[in-house]
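Visitor: I'd like to ask you about the structure that follows.
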Amino acid sequence: MIETAREFLTQINNLPSLENKLKTSDHALFVLHDQLNLDVFPKELLDQKPLLVFVESLKYATVIPHHKQKLVYILSAQRHFAIACHNQGFTVLNLFTQGFHADAIAEFLEKYPQINLTYMQPSEWDTRAQMTALADKFGDRVTLIPNNFFIADADKFKSKIKKGYRLENFYRELRKQTGYLMADGKPLGGIWNYDKENRKSLPKNVSIPKIPVIEPDVITQEVIELVKNYLPDNFGRLDQFGYAVTRDCALELAQAFITTRLANFGAYEDAIKVGEPFLFHSVLSPYLNNGLLLPQEICEMAIAAFEQKLAPLNSVEGFVRQILGWREYIHVYYEAQMPQARESNYFEFTNDLPQLYWNANTDLLCLKDAVTHVLNHGYSHHIQRLMVLSNFSNLTNTDPRQLNHWFWLAYIDAYEWVELPNVIGMSTFADGGILASKPYISGGSYINKMSNCCSQCKYDVKQKTGSCACPFNYLYWNFVDQHRDSFAENGRVSLMTNVYEKKTEDEKLAIKESSIHFIVNLDRG
Ligand code: SF4
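See below:
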């Protein structure tokens, strides 16, 4: 492993000062791979120039077999951050461990009994539990500080969300709290939400700006070699890695989004175009979720763009709502619903995740396109995640826990706190309606409306049943039929059950036969 960290170790080469610091230091700060921003740590703590401890955990990298690019991103960003801290005058200790982060920290504390350690609350449940056990073992020597990477105080909202506090109310409260897009206590433009303007399909003549690709430097190349050598069978391709791994680079990408894509983000945020993984999406989530960028600064950059007339209100409000509303809301949901949320399976689906999620081997073009993006980049934009990947999983009665596992490992921006609520709560209804009022399901006609997939697909989106028909069409009605009892009380879905009931018996039979044939023959490995 050391040979794939040579340049990195050279750049943090501070052996004499490190040895001295380890002998004389009485305080260390453990910085996790998703807490890469010293601005978030207490100033009085940093002013004491504690020893900064980083851990490269093999077990974290293997217990969930993450996408290769995700592992490169996490580790390279951490190494670059460690170098940046070193260059700011901090002494940096980089620990390698076959175990989890907490195992390395425990060894460190045993070896240096005079050193006390501070750590920030980990966002992910398992790392948090491991660090809590460590803190119990070492008692006063370990100090926990709150996680400051989020805008909303999770403790304030947790109990409300358990009782069904919906996103819209939460979002309005945070708009008032931050003052974002507010004037005299009222939402700018007179309404809170511009969703109605933000569901356009993509016209043929709209050109899509390219996202700058960041060439891997020597540090990143070392990590690429490491992942290639040690985890060659993990999901995904490595050859197209082009993510930023430093804050400066991430800020450049944020600025590029603001100037070239934000203006069209709102209108086309629900659109899909074959071969285009990013469209007008910001693709800033990897940087927000490991701390390279902070949610406040990104919201404020977008609001400044509106004030400078670089982007219309519908786009800016839609973007701010994604970060200030949705991202913060699901973080509170995670805090409120863990750990039981992990096992949620409201519909008691037991089918395995179809093989196509692993290899993109399918004739359903909308799915092939979405999975291909994930294989190539560890990324597809949110509407492909929801309208295609999650929708298909629901319609084929797939165990939501398997879908959850796949999203967790497959996406560059997926940490459990962010992907679990999206999958278990939002898209699959596996929590029975705590987060969403219905499961996300749709037939082929909506995918056709929002994308250019269907015109190029082997299946016919206009046919409702039979071997040539778009499978989303009959699977949708099959789902409505299967779950009509669950939906009887739900106004949003009972409308669909009523439509289903009006179909002829022959139509219902054809739906059933097509669905059974498709589901039984779906390759689930
Ligand atoms: Fe997807 Fe159906 Fe459209 Fe094909 S026809 S791209 S399967 S929605």
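Here the numbering used here is used: the first residue of the sequence shown is 1, the next is one more, and so on.
Even glycine gets a Cβ: it sits at the ideal position worked out from N, Cα and C.
Remember, it's a predicted structure, so these values are computed and weren't measured experimentally.
When the Cα atoms are used, what is the spatial distance from C457 to A183?
Guide: Cα-Cα distance, rounded: 48 Å.
Visitor: Taking the straight line between their C-alpha atoms, what separation do you get for N391 and Y440?
Guide: 6 Å
Visitor: Which residues in the same chain have their Cβ closer than 6 Å to the Cβ of C85, if we skip the five residues on either side of it in sequence?
Guide: L52, V92
Visitor: My understanding is that V556 touches L181, with C-beta atoms under 8 Å, so please give their C-beta distance in whole angstroms.
Guide: Within the shown structure, residues of the chain are numbered from 1 to 525, placing residue 556 beyond reach of any answer.
Visitor: Tell me where the beta strand (DSSP E) around L181 begins and ends.
Guide: Run containing L181: none; DSSP gives neither H nor E here.
Visitor: At the level of alpha carbons, what is the spacing between T260 and S515?
Guide: 43 Å
Visitor: Under three-state DSSP, which class holds H27?
Guide: strand
Visitor: Compute the minimum distance between the beta carbon of L294 and the heavy atoms of the ligand SF4, and state whether it is under 6 Å.
Guide: no
Visitor: Below 6 Å CB to CB, which residues in the same chain sit around E56 once its five sequence neighbours on both sides are set aside?
Guide: F96
Visitor: What did DSSP end up calling T428 once you bin it into helix, strand or coil?
Guide: Here T428 sits in coil by DSSP.
Visitor: Determine the closest residue to G266 out of D413, S445, A244, S201, with distance taken between C-alpha atoms.
Guide: Comparing Cα positions, the closest option is S201.
Visitor: What residue range is occupied by the uninterrupted alpha helix (DSSP H) comprising N448?
Guide: Boundaries of the alpha helix (DSSP H) around N448: 444 to 450.
Visitor: Taking its Cβ as the centre, do 16 or more other Cβ atoms sit within 10 Å of L495, making it buried, or is it exposed?
Guide: exposed
Visitor: Once the 5 residues before and after K70 are set aside, which same chain residues still bring their CB inside 6 Å of it?
Guide: G378, I412, listed in sequence order.
Visitor: Candidates E416, P277, R524, T143: which alpha carbon is nearest R385's?
Guide: P277
Visitor: Quick check on DSSP: helix, strand or coil for F54?
Guide: strand
Visitor: Does the stretch 442 to 452 come within contact of the stretch 248 to 263, defined as at least 3 CB pairs closer than 8 Å?
Guide: no
Visitor: Could you please give the first and the last residue of the uninterrupted alpha helix (DSSP H) stretch that includes F96?
Guide: Element bounds for F96: not the alpha helix (DSSP H) but the beta strand (DSSP E), 92 to 97.
Visitor: Which one of I211, T178, M131 has the shortest CA to CA distance from A152?
Guide: T178
Visitor: Just to be sure I understand the criterion: a residue counts if its Cβ is closer than 5 Å to at least one heavy atom of the ligand SF4. Which residues meet that?
Guide: L364, L365, C366, G444, I447, C453, C454, C457, Y459, V461, C470, F472
Visitor: Check whether the stretch 199 to 218 touches the stretch 245 to 253, counting contact only when three or more Cβ pairs, one atom from each stretch, lie closer than 8 Å.
Guide: yes
Visitor: Can you find the residues in the same chain that come closer than 7 Å, C-beta to C-beta, to R199, ignoring five residues on each side of it along the sequence?
Guide: D270
Visitor: May I ask which residues mark the beginning and end of the beta strand (DSSP E) holding M338?
Guide: No beta strand (DSSP E) holds M338; DSSP gives it neither H nor E.
Visitor: Is it true that the CB of C299 sits closer than 7 Å to the CB of L365?
Guide: no
Visitor: Counting only the same chain and skipping the five closest in sequence on each side, list residues whose C-beta sits under 7 Å from that of F257.
Guide: S282, L284
Visitor: Alpha carbon to alpha carbon, how far is F349 from R524? Give it in angstroms, no decimals.
Guide: 14 Å
Visitor: Looking at C-alpha atoms only, which residue of R128, P42, C468, L475 is the closest neighbour of N397?
Guide: Closest option to N397, Cα to Cα, is L475.
Visitor: Decide if A370 is buried, meaning its Cβ has at least 16 other Cβ atoms within 10 Å, or exposed.
Guide: The residue in question, A370, is buried, as its Cβ has 16 or more Cβ neighbours within 10 Å.
Visitor: Between S76, A82, T24, A28, which has its C-alpha nearest N13's C-alpha?
Guide: A82
Visitor: Leaving out five residues before and five after V423 in sequence, what residues of the same chain have Cβ atoms less than 6 Å from its Cβ?
Guide: Setting aside the 5 residues that flank it on each side, V423 is surrounded in the same chain by L403, N404, F407, each with a C-beta closer than 6 Å to its C-beta; the list follows chain order.
Visitor: Residue ranges of each alpha helix (DSSP H) run of no fewer than 4 residues wholly in the stretch 337 to 377, ordered along the chain?
Guide: DSSP assignment within the stretch 337 to 377 yields the following whole alpha helix (DSSP H) runs of 4 residues or more, N-terminal first: 356 to 359, 365 to 377.
Visitor: Which whole-angstrom value describes the C-beta separation of V388 and A410, a residue pair presumed to lie in contact below a C-beta threshold of 8 Å?
Guide: 14 Å between Cβ atoms; not a contact.
Visitor: Helix or strand or just coil, what does DSSP make of P42?
Guide: In the structure shown, P42 sits in coil (DSSP, three-state: anything other than H, G, I, E or B).
Visitor: Give a yes or no on whether the C-beta atoms belonging to P122 and L58 are separated by under 7 Å.
Guide: no
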